[in-house]
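For the sequence shown, position 236 matches number 237 in the working numbering, and the numbering has no gaps at all.
Ideal Cβ positions, reconstructed from N, Cα and C, are used throughout, including at glycine.
None of these values were measured; they are calculated from a predicted model.
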Amino acid sequence: MVRSYGPVVRYCFGPMSRVLIADPSLVRAIYIAHNDAFPKTTLIRAAFPLLGNGLVTASGPLWAAQRRRINPAFKHSELKRMFPTMLECTRAALALWEKQVRAEPGKEVRIDNMLETLTLEVIGRAAFGAKLGGVGGKGEGEGDEGGDGGRGGEGGGQGGKSEAEQLVVAFRAYFEAAGATVRSPFAMIPGYLSLPLALHRERDRQERLIRSIMRRMIAARRHRREQQATAAAAAAAVADTADAAAGADAFATENADDTGAKGRAADDEGATDLLELMLNATDEESDAAAGGGGGAGVVKSAPHPPAMSDQQLMDECLTFLLAGHETTSNLLTWTVLLLSQHATWQQRAREEARQVLGADGAGLTMEKAAELKTITMILNESLRLYPPAPVVARLCATRAKLSETLSIPAGCGVTVPIGAMHRRKELWGEDANEFKPERFENGINKAATHPLAFIPFSVGPRTCIGQNFAVLEAKAILSLLLLKFSWRVAPSYRHYPEQLLTLKTKYGMPAVLTLVDGAGAGGESS
Numbered sequence: 002m003v004r005s006y007g008p009v010v011r012y013c014f015g016p017m018s019r020v021l022i023a024d025p026s027l028v029r030a031i032y033i034a035h036n037d038a039f040p041k042t043t044l045i046r047a048a049f050p051l052l053g054n055g056l057v058t059a060s061g062p063l064w065a066a067q068r069r070r071i072n073p074a075f076k077h078s079e080l081k082r083m084f085p086t087m088l089e090c091t092r093a094a095l096a097l098w099e100k101q102v103r104a105e106p107g108k109e110v111r112i113d114n115m116l117e118t119l120t121l122e123v124i125g126r127a128a129f130g131a132k133l134g135g136v137g138g139k140g141e142g143e144g145d146e147g148g149d150g151g152r153g154g155e156g157g158g159q160g161g162k163s164e165a166e167q168l169v170v171a172f173r174a175y176f177e178a179a180g181a182t183v184r185s186p187f188a189m190i191p192g193y194l195s196l197p198l199a200l201h202r203e204r205d206r207q208e209r210l211i212r213s214i215m216r217r218m219i220a221a222r223r224h225r226r227e228q229q230a231t232a233a234a235a236a237a238a239v240a241d242t243a244d245a246a247a248g249a250d251a252f253a254t255e256n257a258d259d260t261g262a263k264g265r266a267a268d269d270e271g272a273t274d275l276l277e278l279m280l281n282a283t284d285e286e287s288d289a290a291a292g293g294g295g296g297a298g299v300v301k302s303a304p305h306p307p308a309m310s311d312q313q314l315m316d317e318c319l320t321f322l323l324a325g326h327e328t329t330s331n332l333l334t335w336t337v338l339l340l341s342q343h344a345t346w347q348q349r350a351r352e353e354a355r356q357v358l359g360a361d362g363a364g365l366t367m368e369k370a371a372e373l374k375t376i377t378m379i380l381n382e383s384l385r386l387y388p389p390a391p392v393v394a395r396l397c398a399t400r401a402k403l404s405e406t407l408s409i410p411a412g413c414g415v416t417v418p419i420g421a422m423h424r425r426k427e428l429w430g431e432d433a434n435e436f437k438p439e440r441f442e443n444g445i446n447k448a449a450t451h452p453l454a455f456i457p458f459s460v461g462p463r464t465c466i467g468q469n470f471a472v473l474e475a476k477a478i479l480s481l482l483l484l485k486f487s488w489r490v491a492p493s494y495r496h497y498p499e500q501l502l503t504l505k506t507k508y509g510m511p512a513v514l515t516l517v518d519g520a521g522a523g524g525e526s527s
C-alpha cells in the first residue's frame with residue numbers, strides 16, 4: 002500500500018475508518034508528542050486472550066504502574082547479572098547441537114525451533130529462576146524438587162519433551178489458531194472470538210497448557226521464598242548474641258534455596274529478577290487486604306504503583322515469557338537466513354568473533370559484546386528487514402493534530418507499517434530491499450535520512466522494555482553460534498514471513514549445520 006499510494010493512506014477496515022502512516026515525522030507525533038491520544042486497540046487482547054492485561058496490551062494508568070514496577074528488572078546491572086545465564090544456556094545448547102551434527106552430519110534441522118527452545122530457557126532462568134530443560138537436564142517440573150514443581154495437570158509428560166520444547170509447540174499452535182481467528186472475515190462480528198469453534202477450542206487448549214507451566218514456575222518460586230522466610234525466621238530466633246548470629250547466618254545459608262542456580266532469587270547478592278519484583282508486588286496487595294500497615298502504606302504512597310493482583314501477576318509473567326523469547330529467537334532465525342544467503346557476511350562476522358572473543362568464545366563478556374561492531378550491524382539490518390512487529394495499530398482517542406496538513410479525528414484507527422517504513426526507498430535509498438549491514442556502520446541515527454526511520458522496537462514511552470535484553474542475548478548467541486558452526490538454509494525452506502503476534506517464518510527454517518574447523522570439544526567447556 003505504501004509503495005502504491007505513499008506514506009499516508011486513508012482506508013477502511015470493516016466499519017472503521019483508518020489511516021496508514023509510514024512517515025517518520027508523523028510517527029514521532031503519534032508515539033511521542035501525542036502518545037496519550039493514541040492508546041493501543043483492544044483487538045489484540047480480544048484476539049490473544051493469553052496476554053490478558055500484560056504490559057503489551059495494557060493502557061493508561063495500569064500500563065504506567067506496571068512499567069514503573071518492571072523497569073528495574075531490565076536496568077544495566079540486572080542485564081549484567083543475567084549475562085552469565087545467557088552464556089551458560091547457549092554453551093549447553095551448542096554442545097547438544099554439536100552432538101547431533103556429529104551423529105548425523107548433513108541432516109536438516111529446524112534451526113528456528115532450536116533457537117526458540119534456547120531463548121525460552123534463557124528467559125525462564127534469567128527472569129523467572131526456572132529451568133525448563135531446553136538445553137539438557139531436568140526442567141523445573143521434571144525432577145523431585147518439591148511438590149510445587151511436580152508434574153500434574155494438562156500438558157505433563159508429553160512424550161518426554163522438556164517444558165521448553167512443550168512451550169515452543171504450544172506457543173506456535175496457539176498463535177496459529179488465534180491468528181487464523183483474527184484473519185477470519187467474521188472476526189469483526191461481536192462475540193465471534195468467543196464461539197466454541199474448533200479453532201477457538203485449540204487456542205484455548207494450548208493456552209491452558211502454557212498457563213499450567215507458568216503456574217508451576219510461580220509455585221516453585223513461592224515455595225523457595227517460603228523456605229527462605231522460614232530459615233530467616235529461625236535464624237533470627239537464635240541471633241541473640243554475636244556468635245549466635247554468626248551461627249544463624251550459616252543456618253540460613255545451609256537451608257536456603259538448594260537448586261544451585263546462581264542469581265535465581267532476589268536475595269542472592271541483592272539481585273531482583275522479574276518474578277521476584279512481581280511477587281513482592283503481590284505481597285503488597287496481600288498485606289493491604291489483611292490490613293497490614295506496611296503494605297497499605299506502600300500501595301498508597303506516591304510514586305509507588307498500586308499492588309499487583311494474582312491475575313495481573315499471571316498476565317505479566319505470560320507476556321514476558323512470550324515476548325522475552327520470541328523477539329530474540331525471531332531475530333536470530335531471520336539472521337540465520339540472511340547470513341546463509343550472504344556467506345561473505347557470515348564469514349566476516351565469524352572472523353570478528355574470533356578476533357574479539359577468541360576461537361572458543363571464552364572472552365565473551367558484556368563489555369566485549371559491545372565491541373562486536375560487524376555483528377551489531379548485521380543484527381540491525383536483520384531487524385530492519387524483518388522487524389519483530391511489522392505492523393502495529395493504535396486508536397485515536399481524542400482529536401490530534403499531527404502536522405499542519407493532517408489531523409486525526411477521535412475514533413479513527415491508525416496503522417503504522419514499521420516493516421514498510423523500514424524499506425522505503427525515500428528513507429533508505431534505492432537499495433532499501435537489499436541486505437547491506439554496512440548502512441549501519443556509523444550508527445542507527447545516520448543509517449537513513451531520518452532518525453526515526455528505524456524503529457524495530459517502537460519508540461516513545463511504549464518502546465519495548467526488553468530491547469536491550471533481546472539484542473544482548475542475540476549478540477551472545479550469534480557470536481558463539483558463528484564460532485561453532487557454519488550453516489546454509491536447506492533447499493526445502495519455503496519463504497513465507499507471517500505476522501501472528503510477531504513476525505515468524507510460517508513453514509519453519511530448515512537448515513544444515515556444519516562444524517567450523519577447530520570448533521571441537523574445547524569450545525564446549527569454555
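Using CA coordinates, which residue listed in Gly-135, Val-472, Arg-4 is at the minimum distance from Ala-324? Your numbering for residue 324 matches position 323 in the sequence shown. Ranking the options by Cα distance to Ala-324, first place goes to Val-472.
Just to confirm, are Ala-127 and Leu-276 a CB contact at a threshold of 8 Å? Residue 127 sits at position 126 when you count from the first residue of the sequence shown. Residue 276 sits at position 275 when you count from the first residue of the sequence shown. Not closer than 8 Å, so no.
Would DSSP call Arg-425 helix, strand or coil? The residue you call residue 425 lines up with position 424 of the sequence shown. It is coil, neither helix nor strand.
Rounded to whole angstroms, what is the Cα-Cα separation between Tyr-6 and Ile-456? For the purposes of this step, residue 6 is identified with residue 5 of the sequence shown, where counting begins at 1. For the purposes of this step, residue 456 is identified with residue 455 of the sequence shown, where counting begins at 1. Tyr-6 and Ile-456: Cα-Cα distance of roughly 22 Å.
Pick out the complete beta strand (DSSP E) segments inside the stretch 340-412, 3 residues or longer, and give them in chain order. 393-396
Chain-order list of residues whose beta-carbon lies under 7 Å from that of Gly-293 (same chain, five-residue window excluded): As a first step, residue 293 is located in the sequence shown; it is residue number 292 there, counting from the start. The pLDDT assigned to Gly-293 is 46, lower than 50, so where the model puts this residue is not dependable; a value taken from the coordinates is nonetheless given after this. Same-chain partners within the cutoff: there are none.
Between Ser-310, Ser-480, Leu-319, Arg-495, which lies nearest to Leu-338 when the distance is taken from Cα to Cα? Counting from 1 along the sequence shown, the entry for residue 338 is found at position 337. Among Ser-310, Ser-480, Leu-319, Arg-495, the Cα nearest to that of Leu-338 belongs to Arg-495.
Could you check which residue in Phe-486, Pro-492, Tyr-193 has the C-alpha nearest to that of Val-100? In the sequence shown, counting from the first residue as 1, residue 100 sits at position 99. Rather than Val, the amino acid found at residue 100 in this sequence is Lys. Ranking the options by Cα distance to Lys-100, first place goes to Phe-486.
Quick one: measure Cβ to Cβ for Arg-29 and Leu-453, integer angstroms, because I've assumed they're closer than 8 Å. Residue 29 sits at position 28 when you count from the first residue of the sequence shown. Residue 453 sits at position 452 when you count from the first residue of the sequence shown. Contact holds; Cβ gap of about 5 Å.
So within the stretch 415-465, which uninterrupted alpha helix (DSSP H) runs reach at least 4 residues, ignoring any that extend past its ends? 419-422, 426-429
Could you please give the first and the last residue of the uninterrupted alpha helix (DSSP H) stretch that includes Pro-62? The residue labelled residue 62 in the question sits at position 61 within the sequence shown. Where Pro-62 is concerned, the enclosing alpha helix (DSSP H) stretches over 61-71.
CA nearest to the CA of Gly-509, picked from Lys-162, Glu-177, Thr-42, Val-123: Reading the sequence shown from its first residue, position 508 is the one you call residue 509. Comparing Cα-Cα distances from Gly-509 to each of Lys-162, Glu-177, Thr-42, Val-123, the minimum goes to Glu-177.
Reducing DSSP to helix, strand and coil, say where Glu-105 ends up. Sequence index remark: in the sequence shown, residue 105 carries index 104 (1-based). Here Glu-105 sits in coil by DSSP.
Using 8 Å as the cut-off, can you tell me whether the stretch 473-481 makes contact with the stretch 348-365, which would need three or more C-beta pairs spanning the two stretches below that distance? yes
Whole-angstrom C-beta distance between Gly-414 and Met-17, which should lie under 8 Å: Translated into the one-based positions of the sequence shown, residue 17 becomes position 16. Translated into the one-based positions of the sequence shown, residue 414 becomes position 413. That belief holds up - the Cβ atoms of Met-17 and Gly-414 are roughly 5 Å apart, short of 8 Å.
Can you tell me which of the three DSSP states Met-510 falls into? In the sequence shown, counting from the first residue as 1, residue 510 sits at position 509. Met-510: coil per DSSP, three-state reduction.
Give the single residue among Ser-78, Leu-428, Val-517 whose Cα lies nearest to the Cα of Gln-348. Sequence index remark: in the sequence shown, residue 348 carries index 347 (1-based). Taking only the C-alpha atoms, the option nearest Gln-348 is Val-517.
DSSP state of Gly-125, grouped into three classes? The count along the sequence shown starts at 1 and reaches residue 125 at position 124. Residue state, collapsed to three classes: helix.
Cys-465, buried or exposed, once every other Cβ within 10 Å from all chains shown has been counted against 16: Taking the first residue of the sequence shown as 1, we reach residue 465 at position 464. Counting Cβ neighbours within 10 Å, Cys-465 comes out buried, since at least 16 surround it.
Backbone CA spacing between Ala-398 and Ala-34 [nearest angstrom]: The residue you call residue 398 lines up with position 397 of the sequence shown. The residue you call residue 34 lines up with position 33 of the sequence shown. Straight-line Cα distance between these residues: approximately 14 Å.
For a test of the three-state rule: what should DSSP assign to Thr-515, helix, strand or coil? Sequence index remark: in the sequence shown, residue 515 carries index 514 (1-based). It is a strand residue.
Can you find at least 3 beta carbon pairs, one from the stretch 67-85 and one from the stretch 424-436, that sit closer than 8 Å? no
By DSSP, does Val-3 sit in helix, in strand, or in coil? Working through the sequence shown from its first residue, we reach residue 3 at position 2. Val-3: helix per DSSP, three-state reduction.
How many Å lie between Asn-469 and Leu-80 at the Cα? Working through the sequence shown from its first residue, we reach residue 469 at position 468. Working through the sequence shown from its first residue, we reach residue 80 at position 79. For Asn-469 and Leu-80, the distance between alpha carbons rounds to 8 Å.
Count the other CB atoms within 10 Å of the CB of Asp-274; is the residue buried (16 or more) or exposed (fewer)? Within the sequence shown, numbered from 1, the residue matching residue 274 stands at position 273. So Asp-274 ends up on the buried side.
With distances taken from CA atoms, which of Ser-341, Val-102, Thr-375 is nearest Pro-492? Stepping through the sequence shown from its first residue, residue 492 is reached at position 491. It is Ser-341 whose Cα lies nearest to the Cα of Pro-492.
Going by beta-carbon coordinates alone, are Leu-319 and Leu-52 separated by less than 8 Å? The count along the sequence shown starts at 1 and reaches residue 319 at position 318. The count along the sequence shown starts at 1 and reaches residue 52 at position 51. Going by C-beta atoms, Leu-319 is nearer than 8 Å to Leu-52.
Distance, Cα to Cα, Thr-345 vs Arg-400? Here residue 345 refers to the residue found at position 344 of the sequence shown. Here residue 400 refers to the residue found at position 399 of the sequence shown. Approximately 50 Å, taken between the alpha carbons.
Please confirm whether Val-136 and Glu-122 have their CB atoms less than 8 Å apart. Sequence index remark: in the sequence shown, residue 136 carries index 135 (1-based). Sequence index remark: in the sequence shown, residue 122 carries index 121 (1-based). In this structure, Glu-122 lies closer than 8 Å to Val-136 by Cβ.
Between Asn-36 and Gly-461, which are expected to be in contact by the criterion C-beta below 8 Å, what is the C-beta distance as a whole number of angstroms? For the purposes of this step, residue 36 is taken as residue 35 along the sequence shown, with counting starting at 1. For the purposes of this step, residue 461 is taken as residue 460 along the sequence shown, with counting starting at 1. About 5 Å separates the two Cβ atoms, so the contact holds.
Note the first and the last residue of the continuous alpha helix (DSSP H) segment covering Phe-470. Locating residue 470 in the sequence shown gives position 469, counting from the first residue. From DSSP, the alpha helix (DSSP H) with Phe-470 extends over 468-485.
Start and end of the beta strand (DSSP E) containing Met-189? By one-based count along the sequence shown, residue 189 stands at place 188. No beta strand (DSSP E) holds Met-189; DSSP gives it neither H nor E.
Can you tell me which residues form a DSSP beta bridge with Ser-1? As shown, the chain starts at 2 and ends at 527. That puts residue 1 outside it, with no answer to give.
Straight-line Cα distance separating Pro-50 from Glu-405: As a first step, residue 405 must be located in the sequence shown, where it is residue number 404. As a first step, residue 50 must be located in the sequence shown, where it is residue number 49. Going by the C-alpha atoms only, they are around 39 Å apart.
Taking contact to mean at least 3 C-beta pairs separated by less than 8 Å, is the stretch 500-507 in contact with the stretch 384-399? yes
Tell me which residue opens and which closes the beta strand (DSSP E) that Pro-498 is part of. Here residue 498 refers to the residue found at position 497 of the sequence shown. Here the beta strand (DSSP E) through Pro-498 covers 498-500.
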